[in-house]
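A.B. asks: Residue numbers (my numbering): 571 to 879.
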């Protein structure tokens with residue numbers, strides 16, 4: 571990475587990347603949109619563009635480019651963002667300590683979750699205790715949730731546990747075992763639990779191939795030496811459950827992700843031990859922000875109750 575110390579001949583005012591340039595870069599990196607970045611910063615769109623252009627001109631490096639999905643960081647821009655992104659964490663934590671106001675005020679809390687069914691009781695308890703706080707909730711698959719957390723578009727990620735990252739704190743919330751989901755009309759629906767071999771001749775309804783659920787399902791079936799027959803490939807959890815309820819096939823899902831529905835059964839699979847921990851994950855440098863602390867406290871009060879069920 572090129573040094574940010576200017577070469578001879580560059581005016582002294584350009585002694586390094588400036589605070590406004592870092593703020594503009596970070597906002598654009600998070601939002602992938604200059605207009606939205608400007609709104610977040612409370613400045614005009616031309617002002618954001620001017621800061622980015624000045625940064626690029628000062629060091630003769632392109633940091634953003636426009637693509638079909640909006641503004642993207644260049645490889646160098648991504649490197650620079652990884653260095654400067656802690657700025658927003660430190661600023662938010664410092665402001666929280668300096669303000670020292672009672673209650674949480676109107677501070678928004680941004681959550682990203684791939685496990686709404688698991689964490690909704692926590693969200694409900696938080697909104698009841700702190701009705702003045704605006705919650706912004708993104709529901710997406712696990713990889714997108716994790717990316718939102720790393721790129722600071724989310725304050726807390728609610729999702730299956732991810733590989734260790736020294737920038738993050740993790741609180742395990744509850745285990746989420748795999749289970750078979752099948753129609754009430756299915757012959758196996760009279761059982762209390764089944765074995766993986768009971769699914770040998772079943773037709774499966776599958777979801778997003780790279781989702782945690784599907785990756786774990788494939789691993790499970792491979793271990794049991796079962797070949798999966800797929801009748802439908804659906805890209806939403808709700809559509810999969812509807813197909814199961816109509817007895818088109820069965821699916822394997824994490825047990826706590828399945829909503830109550832009298833049309834199907836959720837059966838534990840007795841001979842597997844493939845479980846996933848559902849977790850709260852947040853950035854270490856944001857641990858002192860009161861609104862984040864309060865959400866974590868409420869989640870902590872729920873987790874032992876969840877694990878006892």
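Backbone N, C-alpha and C define an ideal beta-carbon position, used for all residues, glycine too.
This one's a predicted model, so the numbers in the text were calculated from it and none came from an experiment.
1. Taking the Cβ atom as the reference point for each residue, do residue 836 and residue 825 lie within a distance shorter than 8 Å?
2. Threshold first: 4 residues or longer. Then list the alpha helix (DSSP H) segments lying entirely within the segment 632–664, N to C.
3. Is there a Cβ from chain D that is less than 8 Å from the Cβ of residue 793?
4. Taking residue 681 as the reference, which of 645, 747 and 703 has the closest Cα?
5. Which of the three DSSP states, helix, strand or coil, is assigned to residue 740?
6. Work out the CA separation of residue 828 and residue 756 for me, nearest whole Å.
7. Nearest to residue 832 by alpha carbon, out of 818, 617 and 812?
8. Less than 8 Å separating the beta-carbons of residue 839 and residue 759?
9. With a cut-off of 8 Å on the beta carbons, I'd call residue 737 and residue 853 a contact; round off their distance for me.
10. Enumerate, from N- to C-terminal direction, the unbroken alpha helix (DSSP H) stretches of 4 or more residues contained entirely within the segment 759–804.
11. Between the segment 721–732 and the segment 796–805, are three or more C-beta pairs nearer than 8 Å?
12. Considering residue 731, what are the terminal residues of the alpha helix (DSSP H) in which it resides?
13. Taking the alpha carbon of residue 587 as the reference point, which residue from 778, 633, 753 and 867 has its own alpha carbon closest?
14. Kindly indicate the opening and closing residues of the beta strand (DSSP E) around residue 602.
15. Suppose you measure from the CA of residue 869 to the CA of residue 691; what does that come to, to the nearest Å?
16. Could you tell me whether the Cβ atoms of residue 590 and residue 621 are closer together than 8 Å?
17. Rank 862, 871, 640 and 851 by C-alpha distance to the C-alpha of residue 739 and give the top, closest one.
18. Could you check if residue 856 is buried or exposed, using at least 16 other CB atoms within 10 Å of its CB as the buried criterion?
19. Determine the extent of the alpha helix (DSSP H) in which residue 823 is found, giving its start and end residues.
20. Going by DSSP in three states, residue 853 sits in which element: helix, strand or coil?
21. What are the boundary residues of the beta strand (DSSP E) that residue 697 is part of?
22. Would you report the Cα separation of residue 683 and residue 762, rounded to the nearest angstrom?
23. Given residue 805, which residues of its chain have a CB within under 8 Å of its CB, disregarding the five upstream and five downstream residues?
24. By the DSSP assignment, the alpha helix (DSSP H) with residue 712 in it spans what residues?
25. Identify the continuous beta strand (DSSP E) that holds residue 836 and give its terminal residues.
26. Could you tell me the alpha carbon to alpha carbon distance between residue 772 and residue 822, rounded to whole angstroms?
27. Find the nearest neighbour of residue 639 within the set 608, 619, 617 and 604, judged by alpha-carbon distance.
28. Quick check on the burial criterion: 16 or more other C-beta atoms within 10 angstroms. Buried or exposed for residue 782?
29. Taking the C-alpha atoms as reference points, what is the distance between residue 612 and residue 847?
C.D. replies: If we stick to the structure as given:
1. On the chain shown, residue 836 is found 266 positions in, with the first residue counted as 1. On the chain shown, residue 825 is found 255 positions in, with the first residue counted as 1. Contact: yes.
2. Counting whole runs of 4 or more residues, the segment 632–664 contains the alpha helix (DSSP H) stretches 645–654.
3. Absent from the structure: chain D. Only one protein chain is present.
4. Taking the chain shown and counting its residues from 1, the one referred to as residue 681 is at position 111. With distances taken between CA atoms, residue 681 lies nearest to 703 out of 645, 747 and 703.
5. What you label residue 740 is simply residue 170 of the chain shown in a count that begins at 1. Here residue 740 sits in strand by DSSP.
6. Within the chain shown, residue 756 is the residue found at index 186, counting from 1. Within the chain shown, residue 828 is the residue found at index 258, counting from 1. Taking the straight line joining both Cα atoms gives about 17 Å.
7. Indexing the chain shown from 1 puts residue 832 at position 262. For residue 832, the nearest C-alpha among the options comes from 812.
8. Position 269 of the chain shown holds residue 839. Position 189 of the chain shown holds residue 759. Not closer than 8 Å, so no.
9. For the purposes of this step, residue 737 is taken as the residue at position 167 of the chain shown. For the purposes of this step, residue 853 is taken as the residue at position 283 of the chain shown. The pair is a contact, with the Cβ atoms about 6 Å apart (cut-off 8 Å).
10. When DSSP assignments are scanned along the segment 759–804, the uninterrupted stretches of alpha helix (DSSP H) that are 4 or more residues long and fall wholly within it turn out to be 782–793.
11. No contact exists between the segment 721–732 and the segment 796–805.
12. Your numbering for residue 731 matches position 161 in the chain shown. In the DSSP assignment, residue 731 falls outside any alpha helix (DSSP H), carrying neither H nor E.
13. Position 17 of the chain shown, counted from the first residue, corresponds to residue 587. Ranking the options by Cα distance to residue 587, first place goes to 633.
14. For the purposes of this step, residue 602 is taken as the residue at position 32 of the chain shown. If you look at residue 602, you'll find it isn't in any beta strand (DSSP E); DSSP assigns it neither H nor E.
15. As a first step, residue 869 is located in the chain shown; it is residue number 299 there, counting from the start. As a first step, residue 691 is located in the chain shown; it is residue number 121 there, counting from the start. Distance from the CA of residue 869 to the CA of residue 691, rounded to the nearest whole angstrom, comes to 9 Å.
16. The residue you call residue 590 lines up with position 20 of the chain shown. The residue you call residue 621 lines up with position 51 of the chain shown. A distance below 8 Å separates the beta carbons of residue 590 and residue 621.
17. Position 169 of the chain shown, counting from 1, holds the residue named residue 739. The shortest Cα separation from residue 739 among 862, 871, 640 and 851 belongs to 851.
18. Here residue 856 refers to the residue found at position 286 when the chain shown is read from its first residue. Per the 10 Å Cβ criterion, buried.
19. Counting from one through the chain shown, the residue named residue 823 turns up at place 253. Run containing residue 823: none in the alpha helix (DSSP H); it sits in the beta strand (DSSP E), 821–824.
20. Taking the first residue of the chain shown as position 1, residue 853 is located at position 283. Strand.
21. Numbered from its first residue, the chain shown carries residue 697 at position 127. The continuous stretches of beta strand (DSSP E) do not include residue 697, which lies in the alpha helix (DSSP H) extending over residues 686–699.
22. The residue you call residue 683 lines up with position 113 of the chain shown. The residue you call residue 762 lines up with position 192 of the chain shown. Rounded to whole angstroms, residue 683 to residue 762 spans 30 Å at the Cα level.
23. Against the chain shown, residue 805 aligns to sequence position 235. Correct list, in chain order: 777 and 778.
24. As a working mapping, residue 712 is identified with position 142 in the chain shown. Run containing residue 712: 712–720, per the alpha helix (DSSP H) assignment.
25. Looking up residue 836 in the chain shown gives position 266. It spans 834–838 - the beta strand (DSSP E) in which residue 836 sits, taken as one unbroken run.
26. By one-based count along the chain shown, residue 772 stands at place 202. By one-based count along the chain shown, residue 822 stands at place 252. Using only the alpha carbons, I get a separation of about 11 Å.
27. The count along the chain shown starts at 1 and reaches residue 639 at position 69. For the options 608, 619, 617 and 604, the alpha carbon positioned closest to that of residue 639 is the one of 604.
28. Residue numbering aside, residue 782 sits at position 212 when the chain shown is read from its first letter. It counts as buried.
29. Position 42 of the chain shown, counted from the start, is the residue given in the question as residue 612. Position 277 of the chain shown, counted from the start, is the residue given in the question as residue 847. Answer to the nearest angstrom: the Cα atoms are 39 Å apart.
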